[in-house]
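*Asks:*
This is the structure in structure tokens:
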């Protein structure tokens with residue numbers, strides 16, 4: 380499934396969180412590869428209601444981001460932080476378009492996850508990597524750690540070398 | 220007639236989440252002073268939420284908020300105060316002692332106490 384999305388719509392999709400720096404970081408990371416105002420990201424969905432095994436191709440519009448914001452964010456965050464923040468944006472877009480899930484809160488320390496999703500407060504762990512070769516190891520490591528901690532959780536790993544990722548609801 | 224449980228304010232939950240986000244973003248930028256301010260604000264809101272959840276009969280959520288309050292205090296540089304909360308939680312929730320000890324050990328590792 381292929382859809383067009385505006386990166387600046389993230390605050391409407393997940394209104395409880397702050398998105399400005401996350402959106403700016405995503406524009407920097409995705410904008411480095413595509414000099415245009417548009418980038419494509421392929422997200423494999425697993426276990427999400429109605430999207431059990433599907434590829435969601437996000438055509439992401441990077442328009443509407445102030446150049447000042449981009450420059451400030453590029454100046455103030457290290458490269459690996461920009462990648463981490465961009466992965467949050469990808470998870471946010473994937474959850475919203477993969478079934479209307481909403482990130483509602485920050486997970487408590489010790490939970491091995493970053494955020495909580497929907498009223499059920501299901502754990503969500505997000506990881507961003509700049510190299511494709513790190514993807515599978517990161518996925519396996521995060522999966523193993525979370526399985527020891529929770530009966531069900533969301534996991535999203537995004538890599539920005541080939542602009543691909545995986546988002547799963549593990550139960 | 221017993222009073223209905225007080226609802227937990229959605230607004231407080233949102234503001235608290237955003238304060239933690241602001242703190243984490245400041246940490247990422249290397250601005251520890253600003254991070255501490257936001258972690259302190261979040262810790263106070265978690266205290267309020269812990270009481271609200273308790274009143275509403277949501278004891279798991281109340282426990283979670285107290286853990287988060289202690290974690291935020293620790294990350295704001297108030298390690299002694301945070302440790303007191305963790306110790307209190309071990310007393311009141313002995314079945315969750317290993318989880319509480321694991322969290323405080325993780326914080327001790329990631330945010331070591333400054334020598335006084």
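Protein chains in written order, with the working numbering: chain A, 380 to 550; chain B, 220 to 335. All residues carry an ideal CB built from backbone N, CA and C; glycine is no exception. These figures come from a predicted structure and were not determined experimentally.
Look at the alpha carbon of residue 382(A) and the alpha carbon of residue 434(A), and state the distance between them as a whole number of angstroms.
*Replies:* By one-based count along the first chain, residue 382(A) stands at place 3. By one-based count along the first chain, residue 434(A) stands at place 55. So the two alpha carbons sit approximately 11 Å from each other.
*Asks:* On a Cα-Cα basis, can you pick out the residue from 539(A), 532(A) and 504(A) that is closest to residue 513(A)?
*Replies:* Within the first chain, residue 513(A) is the residue found at index 134, counting from 1. Closest option to residue 513(A), Cα to Cα, is 539(A).
*Asks:* In chain B, what lies closer than 7 Å to residue 484(A) by C-beta?
*Replies:* Within the first chain, numbered from 1, the residue matching residue 484(A) stands at position 105. The answer, in chain order, is 232 and 236.
*Asks:* Going by beta carbon distance, what residues of the same chain come within less than 8 Å of residue 372(A), once the five residues before and after it are set aside?
*Replies:* Because chain A is modelled from 380 through 550, residue 372(A) falls outside the range shown and cannot be assessed.
*Asks:* Please report the Cβ distance between residue 439(A) and residue 384(A), rounded to the nearest whole angstrom; I am assuming they are in contact, meaning their Cβ atoms lie under 8 Å.
*Replies:* For this step, residue 439(A) is matched to residue 60 along the first chain. For this step, residue 384(A) is matched to residue 5 along the first chain. So it is a contact: roughly 6 Å between Cβ atoms.
*Asks:* Between residue 235(B) and residue 268(B), is the Cβ-Cβ spacing less than 9 Å?
*Replies:* Translated into positions along the second chain, residue 235(B) becomes position 16. Translated into positions along the second chain, residue 268(B) becomes position 49. Yes, these two residues count as a Cβ contact at 9 Å.
*Asks:* Assuming residue 520(A) is part of the alpha helix (DSSP H), what are its boundary residues?
*Replies:* Along the first chain, read from residue 1 onward, the residue named residue 520(A) stands at position 141. Segment 514 to 526, the alpha helix (DSSP H) holding residue 520(A).
*Asks:* What three-state label does DSSP hand residue 454(A) in the structure shown?
*Replies:* The sequence position of residue 454(A) within the first chain is 75, counting from 1. Note: residue 454(A) maps to helix in three-state DSSP.
*Asks:* Just how far apart, CA to CA, sit residue 291(B) and residue 322(B)?
*Replies:* Locating residue 291(B) in the second chain gives position 72, counting from the first residue. Locating residue 322(B) in the second chain gives position 103, counting from the first residue. Spanning the two alpha carbons is a distance of roughly 12 Å.
*Asks:* In chain A, which residues lie less than 7 Å from residue 332(B) when you measure between Cβ atoms?
*Replies:* Taking the first residue of the second chain as position 1, residue 332(B) is located at position 113. Here the premise fails: no neighbours, minimum Cβ distance about 16 Å.
*Asks:* Name the two residues that bound the continuous alpha helix (DSSP H) containing residue 388(A).
*Replies:* The residue you call residue 388(A) lines up with position 9 of the first chain. Per DSSP, residue 388(A) belongs to no alpha helix (DSSP H) and is neither H nor E.
*Asks:* Are the C-beta of residue 408(A) and some C-beta of chain B separated by less than 9 Å?
*Replies:* In the first chain, counting from the first residue as 1, residue 408(A) sits at position 29. Not closer than 9 Å to any Cβ of chain B, the Cβ of residue 408(A) fails to qualify, so no.
*Asks:* Between the alpha carbons of residue 465(A) and residue 408(A), how many angstroms are there, rounded?
*Replies:* Position 86 of the first chain, counting from 1, holds the residue named residue 465(A). Position 29 of the first chain, counting from 1, holds the residue named residue 408(A). So the two alpha carbons sit approximately 7 Å from each other.
*Asks:* Mind checking if residue 325(B) is an interface residue toward chain A, Cβ cutoff 9 Å exclusive?
*Replies:* Locating residue 325(B) in the second chain gives position 106, counting from the first residue. By this cut-off, residue 325(B) is an interface position.
*Asks:* Quick one: is residue 255(B) buried, meaning 16 or more other Cβ sit within 10 Å of its Cβ, or exposed?
*Replies:* Reading the second chain from its first residue, position 36 is the one you call residue 255(B). Buried: at least 16 other Cβ atoms inside 10 Å.
*Asks:* At least one CB of chain A closer than 9 Å to the CB of residue 298(B): is that the case?
*Replies:* By 1-based counting over the second chain, the position of residue 298(B) is 79. Closer than 9 Å: no.
*Asks:* For residue 419(A), does the three-state DSSP call read helix, strand or coil?
*Replies:* Residue numbering aside, residue 419(A) sits at position 40 when the first chain is read from its first letter. In this structure, residue 419(A) counts as strand in the three-state DSSP scheme.
*Asks:* Which chain A residues are close to residue 240(B), counting only those with a beta carbon under 8 Å from its beta carbon?
*Replies:* Residue 240(B) sits at position 21 when you count from the first residue of the second chain. The answer, in chain order, is 396, 397 and 485.
*Asks:* Spell out whether any CB of chain B is found under 9 Å from the CB atom of residue 448(A).
*Replies:* For this step, residue 448(A) is matched to residue 69 along the first chain. With 9 Å as the cut-off, residue 448(A) does not count as an interface residue toward chain B.
*Asks:* Which residues in the same chain as residue 511(A) place their Cβ atom closer than 7 Å to its Cβ, once the five residues preceding and following it in sequence are excluded?
*Replies:* Counting from 1 along the first chain, the entry for residue 511(A) is found at position 132. Hits under 7 Å: 538, 540 and 541.
*Asks:* For a contact meaning CB atoms closer than 7 Å, what does residue 460(A) contact in chain B?
*Replies:* Within the first chain, residue 460(A) is the residue found at index 81, counting from 1. Those are 247, listed as they occur along chain B.
*Asks:* Residues of chain B with CB under 9 Å from residue 456(A), in chain order?
*Replies:* For the purposes of this step, residue 456(A) is taken as the residue at position 77 of the first chain. Within 9 Å Cβ-Cβ: 244, 247 and 248.
*Asks:* Is it buried or exposed for residue 454(A), if we count other Cβ within 10 angstroms and need 16 for buried?
*Replies:* For this step, residue 454(A) is matched to residue 75 along the first chain. It counts as exposed.
*Asks:* Below 8 Å on C-beta distance, what does residue 321(B) contact in chain A?
*Replies:* Position 102 of the second chain, counting from 1, holds the residue named residue 321(B). What residue 321(B) touches in chain A: 489.
*Asks:* Pull the bridge partners of residue 408(A) from the DSSP assignment, please.
*Replies:* As a first step, residue 408(A) must be located in the first chain, where it is residue number 29. DSSP, once it has assigned bridges, lists no residue as partnering residue 408(A).
*Asks:* By the criterion of Cβ-Cβ separation under 7 Å, what are the contact partners of residue 400(A) in chain B?
*Replies:* For this step, residue 400(A) is matched to residue 21 along the first chain. Going along chain B in sequence order, the residues near residue 400(A) (Cβ under 7 Å) are 244.
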